[in-house]
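Asker: First, the structure itself, so that you have it in front of you.
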Amino acid sequence: MNALGKAWLGLHAWGGMLFSWLLVPIFVAGSLAVFEPEIGHWMRPEIDVAPIAPSLAADLAERRLHEVGEAAPLWRVRLPTPREAGVGVSWGAQPRQLTEEVLAADGRPVPLRATHGGHFFTDFHAELMLGKSGRWIVGVIGIVMLAAIVSGIFIHHRILRDFFTFRPRANRRRAWLDAHNLIGVATLPFLLLITYSGVMILADTFMPAATQALYDGKPGGPRADAVKAFSRKASGEPAAMLPLREHLAAAERIFGPGKVTSLTVRLAGDRHALVQAHRTVDDRLGAVADHVTFDAVTGALLGQQLSWNPMTYAYRAQVGLHVAHFGGPVVRWVYFVSGLLGAAMMAAGTLVFLRKRRQRHDTGAVSRVLEGCGCASVAGILLACLAYLGSNRLLPAGLPSRDAWEVAAFFAAWVLALGHALWRGFPAWRGQLLLAGWLALLLPVLDLTTGGGDAWRLALDATAVVCGGLLLAATRFFRKESS
Amino acid sequence: MNANSSSGTGRAAWRAISSRILVAAVGGYALCWSLFLALCAWLPYEKVTLWYLTGQLAPLPFLFSLLAAFAARSAGRMAAWIFGLAGLFYLLGRLA
């Protein structure tokens with residue numbers, strides 16, 4: 243090991259181990275968040291996947307919004323996509339306080355259960371459900387992760403040799419170290435990319451120096467400069483708007499057929515009403531949505547944004563690389579597998595660290611806490627995710643605040659897993675992985691007996707079966723060590 | 080006596096690690112803030128370009144400070160370097 247590797251060994255081992263208690267859950271949640279719409283669909287078995295043409299979807303949405311949102315100045319329509327079925331409509335006075343519905347192919351609203359769906363994993367991944375303070379915490383953790391990656395390169399500097407070295411039959415510590423090195427080397431570009439871009443996205447929260455210097459501390463300033471807004475005040479005179487399908491057709495002439503994902507109507511019913519159409523972002527690296535605005539009454543083009551400040555695009559390209567909306571299913575699966583491998587790499591590192599302490603016969607309270615937190619962060623978080631998905635189907639659909647109960651199920655399972663791991667010590671690893679494996683295998687049964695079962699949900703079920711099988715296979719490594 | 084000396088060594092080690100963490104955190108923040116101030120003051124770009132440029136650089140000063148704080152011979156030495164650099168950037172930013 244070179245001099246820098248020696249200097250950073252403590253930072254890598256202790257920093258990596260302590261921060262992995264949240265890094266592993268953040269990576270697991272991030273991997274699941276790649277499939278946010280698909281998980282959201284699984285968690286709302288009331289929605290079917292019948293295809294709806296965009297123009298018909300616009301008609302259905304408009305009819306419904308005239309019924310329920312006539313008095314609301316703001317309407318939003320989410321058109322069906324290959325990843326998100328149904329027509330989403332929302333209306334209200336404030337953008338953050340809209341009433342939402344999903345319409346079926348016959349235009350009727352689907353009675354939906356209250357759930358955070360797949361967005362829970364995105365929220366947990368980005369801010370631990372703690373808002374701004376959560377973004378601070380995740381940002382700090384991300385910086386330590388970056389330091390752990392860079393220091394790891396210096397510590398395990400024989401990258402090529404490490405890549406071809408895996409001795410599962412060697413002693414356990416050596417085998418876990420090999421696994422840590424092998425996965426770390428194989429996923430190194432992904433880990434660097436995802437961690438750097440993740441910290442960059444959160445930097446706005448914890449480092450507002452440029453906002454202070456350039457925009458007098460106004461957080462919305464940069465976005466207002468980057469995204470063109472075409473707005474005007476209400477005239478106070480009512481006027482009939484052109485059908486939404488005509489605005490959709492006009493937007494498709496600019497963006498291309500099938501490229502419009504949403505329509506927003508402002509000042510609905512007023513002579514100055516506007517219709518804004520947003521283009522999809524799933525066929526480009528940069529997470530920037532081109533948009534076009536029409537006069538809702540005459541159909542005249544009021545403005546469009548089809549090009550972006552190059553630096554804004556470079557920044558948003560890194561956001562795009564993080565959120566992986568581009569590249570279709572292949573990229574999503576690569577991200578999903580790489581994210582889970584990253585979590586496995588950290589778990590293997592934790593196991594190396596803990597085994598080293600056990601071999602020194604260090605069995606005091608500190609070791610018990612390290613062991614318990616390590617196990618809960620890896621096996622416990624898997625149980626928590628499965629509890630969240632399971633509760634979605636087991637809680638009554640009409641239960642008041644059921645979305646909050648689902649989140650409560652997640653955290654309750656996590657706390658129980660932590661308590662179990664603190665009580666049982668190392669054997670808890672095997673027990674919890676075994677339980678997680680079996681619960682994952684049972685997820686399709688739960689799906690098929692509680693209203694799921696369409697092709698999209700079966701894909702999630704199949705993934706759960708594969709993951710469950712892998713978890714059960716992994717338990718044998720812990721059985722040997724227990725004995 | 081041995082117990083006393085080992086607990087004293089332990090306390091010293093914790094003090095050394097704590098001071099490195101403190102230098103990395105506070106120094107990283109000061110370095111990043113002052114660097115952004117200097118870039119915003121001197122680079123001849125429009126505001127939105129500068130904002131999105133600095134946003135992309137944000138992880139680097141923190142990463143540098145954290146790694147440097149644990150690679151340096153002492154926390155004091157690294158504190159002098161990091162806060163010296165931060166002061167220099169701050170002055171540059173104020174001079175514009």
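If you read the protein sequences in the order shown, they are chains A and B.
For the first sequence, position 399 matches number 641 in my numbering, and the numbering has no gaps at all.
For the second sequence, position 94 matches number 173 in my numbering, and the numbering has no gaps at all.
All C-beta atoms in this analysis are idealised placements derived from N, C-alpha and C, irrespective of residue type, glycine included.
(1) Let me see if you follow: with CB-CB separation under 8 Å, is residue 127/B close to chain A or not?
(2) So which residues of chain B does residue 560/A contact, with C-beta pairs closer than 8 Å?
(3) Looking at the secondary structure, which residues open and close the alpha helix (DSSP H) in which residue 690/A lies?
(4) Does the beta carbon of residue 82/B come closer than 8 Å to any beta carbon on chain A?
(5) If you draw a straight line from the C-alpha of residue 691/A to the C-alpha of residue 426/A, how long is it?
(6) If we cut at 8 Å on Cβ distances, does residue 371/A have a partner in chain B?
(7) Return the CA-CA distance between residue 246/A and residue 393/A, expressed in angstroms with no decimal places.
(8) Rounded to a whole number of angstroms, what is the C-alpha to C-alpha distance between residue 379/A and residue 259/A?
(9) Just curious, the beta strand (DSSP E) that residue 343/A is in, first and last residue?
(10) Determine the burial state of residue 681/A: buried for a count of at least 16 other Cβ atoms within 10 Å of its Cβ, exposed for fewer.
(11) Quick one: list the residues of chain B neighbouring residue 389/A, beta-carbon separation under 7 Å, in chain order.
(12) Run through DSSP, which three-state label would residue 91/B get?
(13) Excluding sequence positions up to five away, which residues of its chain have a Cβ less than 6 Å from the Cβ of residue 109/B?
(14) Along chain B, which residues have their Cβ under 9 Å away from the Cβ of residue 554/A?
(15) Give the interface partners of residue 158/B over in chain A, defined as CB-CB distance under 7 Å, in chain order.
(16) Consider the Cβ of residue 123/B: report whether some Cβ of chain E lies at a distance smaller than 8 Å.
(17) With DSSP run on the structure shown, which of helix, strand or coil describes residue 520/A?
(18) Could you tell me which residues DSSP pairs with residue 536/A in its beta bridges?
(19) Can you list, in chain order, the residues of its chain with a C-beta nearer than 6 Å to that of residue 151/B? Leave out the 5 residues immediately preceding and following it.
(20) Can you pull the DSSP bridge partners for residue 333/A?
(21) At which residues does the alpha helix (DSSP H) containing residue 608/A begin and terminate?
(22) Identify the continuous alpha helix (DSSP H) that holds residue 305/A and give its terminal residues.
(23) Could you name the residues of chain A that residue 116/B contacts, counting a contact when the two beta carbons are closer than 8 Å?
(24) Does any C-beta atom of chain A lie closer than 8 Å to the C-beta of residue 168/B?
(25) So, for residue 551/A: in the same chain, excluding its five sequence neighbours on each side, which residues have a beta-carbon less than 7 Å away from its beta-carbon?
(26) In this structure, how does DSSP classify residue 351/A when only helix, strand and coil are distinguished?
(27) Is the separation between the beta-carbon of residue 714/A and that of residue 685/A shorter than 8 Å?
(28) Would residue 283/A be called buried (16 or more neighbouring beta carbons within 10 Å of its own) or exposed?
(29) Taking the alpha carbon of residue 449/A as the point to measure from, which residue in 422/A, 377/A and 431/A has its own alpha carbon closest?
(30) Taking residue 162/B as the query, report the chain A residues whose CB atoms sit under 9 Å from its CB, ordered along the chain.
(31) Using the beta-carbon of each residue, which ones in chain B are nearer than 8 Å to residue 438/A?
(32) Between residue 638/A and the rest of its own chain, which residues show a CB-CB distance below 8 Å, the 5 nearest in sequence each way excluded?
(33) For residue 504/A, which beta-bridge partners are listed by DSSP?
(34) Residue 113/B: which of 716/A, 451/A and 249/A sits nearest, CA to CA?
(35) When you compare the CB of residue 154/B with every CB in chain A, is at least one pair closer than 8 Å?
(36) Around the Cβ of residue 528/A, are there at least 16 other Cβ atoms within 10 angstroms (buried) or fewer (exposed)?
Answerer: Working from what's here:
(1) yes
(2) 135
(3) 669-691
(4) At residue 82/B the pLDDT is 49, less than 50, meaning the model places this residue with poor confidence; the figure from the coordinates comes in the next sentence. So no, residue 82/B is outside the interface.
(5) 40 Å
(6) no
(7) 8 Å
(8) 16 Å
(9) 341-345
(10) buried
(11) 142, 145 and 146
(12) helix
(13) 165
(14) 127, 128, 130 and 131
(15) Near residue 158/B there are no residues of chain A at all, since even the closest Cβ is about 17 Å away, more than 7 Å.
(16) The displayed structure is made up of protein chains A and B, and chain E is not among them.
(17) strand
(18) 517/A and 543/A
(19) 157
(20) 317/A and 341/A
(21) 607-617
(22) 296-310
(23) 451 and 455
(24) no
(25) 468
(26) strand
(27) no
(28) buried
(29) 377/A
(30) Per Cβ cutoff of 9 Å: no residues; residue 162/B is ~16 Å from chain A at best.
(31) 138
(32) 644
(33) 320/A and 520/A
(34) 451/A
(35) no
(36) buried
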